[in-house]
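Peer 1: First the structure, which I've put down as structure tokens, then a few questions once you've had a look.
Protein chains: 2
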Amino acid sequence: MAKTAVVALGGNALIREGQSGTYQEQEANATAMARSVCSLLRTGWRVVLVHGNGPQVGNLAIQQEEGAALVPAQPLFALGSMTQGQLGSLICLALHRVGDPWIIGAVSVVTHVAVSADDPAFDNPSKPIGPFFTAEQAASLSAARGWVVKEDSGRGYRRVVASPEPVGIVETAAIRTLLEAGQVVVAAGGGGVPIVRTATGYAGVDAVIDKDYAAQQLATSLAAEALVLVTGVESVLLDYGTPQQRPIEEMACAEAERYLADGQFPEGSMGPKVRAAVRFLRYGGEVAVITSPELVYASLEGTVSQLEGTVGTRIVRVRPTVGAVGGRW
Amino acid sequence: MAKTAVVALGGNALIREGQSGTYQEQEANATAMARSVCSLLRTGWRVVLVHGNGPQVGNLAIQQEEGAALVPAQPLFALGSMTQGQLGSLICLALHRVGDPWIIGAVSVVTHVAVSADDPAFDNPSKPIGPFFTAEQAASLSAARGWVVKEDSGRGYRRVVASPEPVGIVETAAIRTLLEAGQVVVAAGGGGVPIVRTATGYAGVDAVIDKDYAAQQLATSLAAEALVLVTGVESVLLDYGTPQQRPIEEMACAEAERYLADGQFPEGSMGPKVRAAVRFLRYGGEVAVITSPELVYASLEGTVSQLEGTVGTRIVRVRPTVGAVGGRW
Chain Z
0 MAKTAVVALG GNALIREGQS GTYQEQEANA TAMARSVCSL LRTGWRVVLV
50 HGNGPQVGNL AIQQEEGAAL VPAQPLFALG SMTQGQLGSL ICLALHRVGD
100 PWIIGAVSVV THVAVSADDP AFDNPSKPIG PFFTAEQAAS LSAARGWVVK
150 EDSGRGYRRV VASPEPVGIV ETAAIRTLLE AGQVVVAAGG GGVPIVRTAT
200 GYAGVDAVID KDYAAQQLAT SLAAEALVLV TGVESVLLDY GTPQQRPIEE
250 MACAEAERYL ADGQFPEGSM GPKVRAAVRF LRYGGEVAVI TSPELVYASL
300 EGTVSQLEGT VGTRIVRVRP TVGAVGGRW
Chain X
0 MAKTAVVALG GNALIREGQS GTYQEQEANA TAMARSVCSL LRTGWRVVLV
50 HGNGPQVGNL AIQQEEGAAL VPAQPLFALG SMTQGQLGSL ICLALHRVGD
100 PWIIGAVSVV THVAVSADDP AFDNPSKPIG PFFTAEQAAS LSAARGWVVK
150 EDSGRGYRRV VASPEPVGIV ETAAIRTLLE AGQVVVAAGG GGVPIVRTAT
200 GYAGVDAVID KDYAAQQLAT SLAAEALVLV TGVESVLLDY GTPQQRPIEE
250 MACAEAERYL ADGQFPEGSM GPKVRAAVRF LRYGGEVAVI TSPELVYASL
300 EGTVSQLEGT VGTRIVRVRP TVGAVGGRW
């Protein structure tokens, strides 16, 4: 039976630093992303791909505001569903482009992620989204649409929304069915469309779910073996920014939790990733990896990297006693 | 073994005449749409839902132009994928809202539909899309983006694109897998993202595939039993606009082809629907239905409608000899 890896790719993987986000730029970046996924398919892994959508949903929000005099702006959660269609298509086309003949099929599922209506995050919206506004614009949008707006880094006012915890993936059964049929599945893009349970079904809510937490929730729901969090750096660093700074090659859950408690991993970057990895393992996962696209395969398989001297970070439930096993698995 | 129906819903089913397209309007319309689908689920049909996207992709195109000074406009086929995410989410949430307990799951698949690069439609772009422009704007956009623009009904200039024939559905296997697992599948929305085969995979092309033709292609690929084309009127009319005008309750393929040849069905409305129905039956389908949302169930099952005196149009391969069978199936 093939093993399943849920691979989460950073929001900036498709629109990189300094790029404006043309289709051609995103297409080229998606091709690089697809290559990294195909390295797993070749060795028999089933893959679910979770992508970020930060730059794309930001662009969409700007377009919605610019066109607001002519056509109604859609709610934030609907913009999230739109980027799932947009990037799901882009990534599936890229997988077809580079994946043949390993890919039986690639399919993008518009995914809804349940959150709790009483998640404390709703009392403290903190995630800035969309364009910057002047104080006057911000006040008027706040009054007209019920937005919470906050001053952001001296550059103006932005809407802020809650970032609640994911508690379930509505499409889990459909995604599992597709994986079992050999499909590569693109799912929970941008953290998924946030929904809450109502008396009659589900309702969309304007919030942003952390993509890495959504990927963990999906990996846990699928009982996947591996959670791979792809980022811009090769590995998690200890004592970051000090003379003792060093990469972590492998750590056990308990070590990771100790480092988290010690404040080793900043909240804006590695903190949520390490926390997602730990939660995945505590809920039954086998291995979590945090690394750059180039090192995904080597880090997951525990083989020697082709890039000499570089290494990704593996997080495992318990580290084997030295000498007890030959390889790292 | 359950039978499969591919149900195509008109582009105006979610944004009706006179509506601007707020989320709330579309949500209410989607709920009505979902009710009509659930009437089929209750009697054991497997359902694939194909929705139109005309008003939504039109709104998106306007927003892209209005925001073009700030963020790059995406190509038309990417806008199509965005409306698949948007409306797929909307429709799945509506299905969950009204479908319980008949719905095991509802899932939206971002669908790519293959067209031939040498389809003659590409030599004669005829489908207007997006906003109206002045002659100067049109000339400048044409030069900058390679658009074909045409004067449209005295109201200004619009971009026109090709409307090629669908020749295959990339996600057929995934959709079949989901149907077999009992999911209601939303697919090929807006006719699907049009793609052409290239030496290295697929590439998106700016075109609009007729939603009814895409639904027929999907129904044929899935070997579905029924194709249901939902529209604003109860039935197909013969001798439309004359004193002899009368609804068609049932016709055989050969009759439909004769009427098509006689010019009974105008190209802008019933013509493509009847042609899609005939093609579906010629390629092995059992029954095609053209009717309003309220009459879908009665027309498909061949039972007496609850709305007295109204009837949908059924198209079958061969009509049974009168008296030879008890029911219409």
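Quick note, the sequences are listed as chains Z and X, same order.
Counting from 1, position 293 in the first sequence corresponds to residue 292 in numbering that gives the first Met the number 0; the numbering is continuous, with no gaps.
Counting from 1, position 95 in the second sequence corresponds to residue 94 in numbering that gives the first Met the number 0; the numbering is continuous, with no gaps.
Every residue, glycine too, gets a C-beta built ideally from N, C-alpha and C.
Mind listing which residues of the region 5-33 of chain X have their C-beta closer than 8 Å to chain Z's C-betas, in chain order?
Peer 2: Ser19, Gly20, Thr21, Tyr22
Peer 1: Are the CB atoms of valine 56 (chain Z) and threonine 82 (chain Z) nearer to each other than 8 Å?
Peer 2: Counted from its first residue, the first sequence places residue 56 (chain Z) at position 57. Counted from its first residue, the first sequence places residue 82 (chain Z) at position 83. Yes, these two residues count as a Cβ contact at 8 Å.
Peer 1: What did DSSP end up calling threonine 82 (chain X) once you bin it into helix, strand or coil?
Peer 2: Position 83 of the second sequence, counted from the start, is the residue given in the question as residue 82 (chain X). If DSSP states are grouped into helix, strand and coil, threonine 82 (chain X) belongs with the helices.
Peer 1: Using a C-beta to C-beta distance shorter than 9 Å, which residues of chain Z count as neighbours of leucine 69 (chain X)?
Peer 2: Reading the second sequence from its first residue, position 70 is the one you call residue 69 (chain X). Chain Z residues near leucine 69 (chain X): Asn58, Ile61, Gln62, Glu65, Pro130.
Peer 1: Which residues share a DSSP beta bridge with glycine 200 (chain Z)?
Peer 2: Here residue 200 (chain Z) refers to the residue found at position 201 when the first sequence is read from its first residue. The partner list for glycine 200 (chain Z) (beta bridge, DSSP) reads Z:Thr197.
Peer 1: Whose Cβ in chain X lies nearer than 8 Å to the Cβ of histidine 95 (chain Z)?
Peer 2: Position 96 of the first sequence, counting from 1, holds the residue named residue 95 (chain Z). Ordered by position in chain X, the residues that pass the 8 Å Cβ test against histidine 95 (chain Z) are Val169, Gly200, Tyr201.
Peer 1: Helix, strand or coil for tyrosine 296 (chain X) per DSSP?
Peer 2: The residue given as residue 296 (chain X) occupies position 297 in the second sequence. Helix, per DSSP.
Peer 1: Where does proline 127 (chain X) fall in DSSP's three states?
Peer 2: Position 128 of the second sequence, counting from 1, holds the residue named residue 127 (chain X). Strand.
Peer 1: Given that glutamine 85 (chain X) touches chain Z, what residues does it touch there, using C-beta distances under 8 Å?
Peer 2: Translated into positions along the second sequence, residue 85 (chain X) becomes position 86. For glutamine 85 (chain X), the neighbours in chain Z by C-beta distance under 8 Å run, in chain order, Gln73, Ala77, Ser80, Met81, Gly84.
Peer 1: For cysteine 37 (chain X), which residues from the same chain have a beta carbon less than 8 Å from its beta carbon, with the 5 sequence-adjacent residues on both sides left out?
Peer 2: Numbered from 1 along the second sequence, position 38 holds the residue referred to as residue 37 (chain X). Cβ within range, chain order: Leu94, Val97, Gly98, Trp101, Ile102.
Peer 1: Find the residues of chain X that neighbour valine 192 (chain Z), judging by a C-beta separation of less than 8 Å, and give them in chain order.
Peer 2: Here the question's residue 192 (chain Z) lines up with position 193 in the first sequence. Under the 8 Å cutoff, chain X gives Ser88.
Peer 1: Please name the residue, chosen from Z:Ala77, Z:Val106, Z:Ser268, that lies closest to alanine 173 (chain X) on a Cα-to-Cα basis.
Peer 2: Position 174 of the second sequence, counting from 1, holds the residue named residue 173 (chain X). The candidate whose alpha carbon is nearest that of alanine 173 (chain X) is Z:Val106.
Peer 1: For a minimum of 4 consecutive residues, which ranges assigned as the alpha helix (DSSP H) are wholly contained in the region 29-94 of chain Z?
Peer 2: 53-65
Peer 1: DSSP has alanine 161 (chain Z) in a bridge; who is on the other side?
Peer 2: Taking the first residue of the first sequence as 1, we reach residue 161 (chain Z) at position 162. DSSP output for alanine 161 (chain Z) lists Z:Ala206 as bridge partner(s).
Peer 1: Could you tell me which chain Z residues have their CB closer than 8 Å to the CB of serine 107 (chain X), listed as they occur along the chain?
Peer 2: As a working note, residue 107 (chain X) is residue 108 in the second sequence. Val108, Val109, listed in chain order.
Peer 1: Assuming glycine 104 (chain Z) is part of the beta strand (DSSP E), what are its boundary residues?
Peer 2: To locate residue 104 (chain Z), count along the first sequence from 1; it is residue 105. Counting along the chain, the beta strand (DSSP E) containing glycine 104 (chain Z) begins and ends at 104-109.
Peer 1: Can you tell which of Z:His111, Z:Gly153, Z:Gly181 has its C-alpha closest to the C-alpha of alanine 214 (chain Z)?
Peer 2: Position 215 of the first sequence holds residue 214 (chain Z). When each option's Cα is compared against that of alanine 214 (chain Z), the closest is Z:His111.
Peer 1: Is threonine 3 (chain Z) helix, strand or coil by DSSP?
Peer 2: Here residue 3 (chain Z) refers to the residue found at position 4 of the first sequence. Strand.
Peer 1: Can you find the residues in the same chain that come closer than 7 Å, C-beta to C-beta, to arginine 318 (chain X), ignoring five residues on each side of it along the sequence?
Peer 2: Working through the second sequence from its first residue, we reach residue 318 (chain X) at position 319. Excluding positions up to five away in sequence, the list reads Glu249, Ala251.
Peer 1: Pick helix, strand or coil for glycine 270 (chain Z), following the three-state DSSP scheme.
Peer 2: As a working note, residue 270 (chain Z) is residue 271 in the first sequence. Here glycine 270 (chain Z) sits in helix by DSSP.
Peer 1: For proline 119 (chain Z), which of helix, strand or coil comes out of DSSP?
Peer 2: For the purposes of this step, residue 119 (chain Z) is identified with residue 120 of the first sequence, where counting begins at 1. It is helical.
Peer 1: Along chain X, which residues have their Cβ under 8 Å away from the Cβ of glutamine 182 (chain Z)?
Peer 2: In the first sequence, residue 182 (chain Z) corresponds to position 183, counting from 1. Near glutamine 182 (chain Z) (Cβ distances below 8 Å), the residues of chain X are Ala172, Ala173, Thr176.
Peer 1: Got a sec? Which residues, its chain only, sit under 8 Å from tyrosine 258 (chain Z) by beta carbon, not counting five neighbours each side?
Peer 2: The residue given as residue 258 (chain Z) occupies position 259 in the first sequence. Leu237, Met250, Phe264, Val273.
Peer 1: Within the continuous beta strand (DSSP E) that includes threonine 230 (chain Z), where are the two ends?
Peer 2: Indexing the first sequence from 1 puts residue 230 (chain Z) at position 231. Boundaries for threonine 230 (chain Z): no beta strand (DSSP E) harbours it, and the DSSP string shows neither H nor E there.
Peer 1: Kindly confirm or deny that the region 222-240 of chain Z and the region 114-124 of chain X touch, where touching means at least three C-beta pairs closer than 8 Å.
Peer 2: These segments do not touch.
Peer 1: Can you round the beta-carbon distance between valine 5 (chain X) and leucine 226 (chain X) to whole angstroms, since I take them to be within the 8 Å contact cut?
Peer 2: The residue labelled residue 5 (chain X) in the question sits at position 6 within the second sequence. The residue labelled residue 226 (chain X) in the question sits at position 227 within the second sequence. Contact between valine 5 (chain X) and leucine 226 (chain X) holds: their C-beta atoms lie close to 5 Å from each other, under 8 Å.
Peer 1: Distance, Cα to Cα, isoleucine 61 (chain X) vs leucine 78 (chain Z)?
Peer 2: Within the second sequence, numbered from 1, the residue matching residue 61 (chain X) stands at position 62. Within the first sequence, numbered from 1, the residue matching residue 78 (chain Z) stands at position 79. Looking at the two C-alpha atoms, the distance is approximately 15 Å.
Peer 1: Looking at glutamate 233 (chain X) and glycine 311 (chain X), is the spacing between their C-beta atoms short of 8 Å?
Peer 2: The residue labelled residue 311 (chain X) in the question sits at position 312 within the second sequence. The residue labelled residue 233 (chain X) in the question sits at position 234 within the second sequence. Taking 8 Å as the Cβ cut-off, glycine 311 (chain X) and glutamate 233 (chain X) qualify as a contacting pair.
Peer 1: Going by alpha carbons, who is nearest to glutamine 85 (chain X) out of X:Val159, X:Ser152, X:Ala187, X:Pro292?
Peer 2: Position 86 of the second sequence, counted from the first residue, corresponds to residue 85 (chain X). The shortest Cα separation from glutamine 85 (chain X) among X:Val159, X:Ser152, X:Ala187, X:Pro292 belongs to X:Ala187.
Peer 1: For glutamate 249 (chain Z), which beta-bridge partners are listed by DSSP?
Peer 2: Position 250 of the first sequence, counted from the first residue, corresponds to residue 249 (chain Z). Bridge partners of glutamate 249 (chain Z): Z:Arg313.
Peer 1: Specify whether the region 143-159 of chain Z and the region 39-52 of chain Z touch according to this definition: at least 3 beta carbon pairs, one from each stretch, less than 8 Å apart.
Peer 2: no
Peer 1: Pick out whichever of Z:Val192, Z:Ala206, Z:Gln73 has its Cα sitting closest to the Cα of valine 147 (chain Z).
Peer 2: Here the question's residue 147 (chain Z) lines up with position 148 in the first sequence. Cα-wise, what sits closest to valine 147 (chain Z) is Z:Ala206.
Peer 1: 8 Å is my cut-off, CB to CB: does valine 315 (chain X) come that close to chain Z?
Peer 2: Translated into positions along the second sequence, residue 315 (chain X) becomes position 316. No, valine 315 (chain X) lies away from the interface with chain Z (no Cβ there is under 8 Å from its Cβ).
Peer 1: State the Cα-Cα distance for the pair threonine 3 (chain X) and tyrosine 239 (chain X), rounded to the nearest angstrom.
Peer 2: Taking the first residue of the second sequence as 1, we reach residue 3 (chain X) at position 4. Taking the first residue of the second sequence as 1, we reach residue 239 (chain X) at position 240. Going by the C-alpha atoms only, they are around 32 Å apart.
Peer 1: Could you check whether the Cβ of leucine 344 (chain Z) sits closer than 8 Å to any Cβ belonging to chain X?
Peer 2: Outside the shown range of chain Z, which is 0 to 328, sits residue 344 (chain Z), and nothing can be said about it.
Peer 1: Of the choices Z:Val315, Z:Thr241, Z:Thr309, Z:Glu300, whose alpha-carbon is the least far from that of alanine 276 (chain Z)?
Peer 2: Here residue 276 (chain Z) refers to the residue found at position 277 when the first sequence is read from its first residue. If we check each option's Cα against that of alanine 276 (chain Z), Z:Val315 comes out closest.
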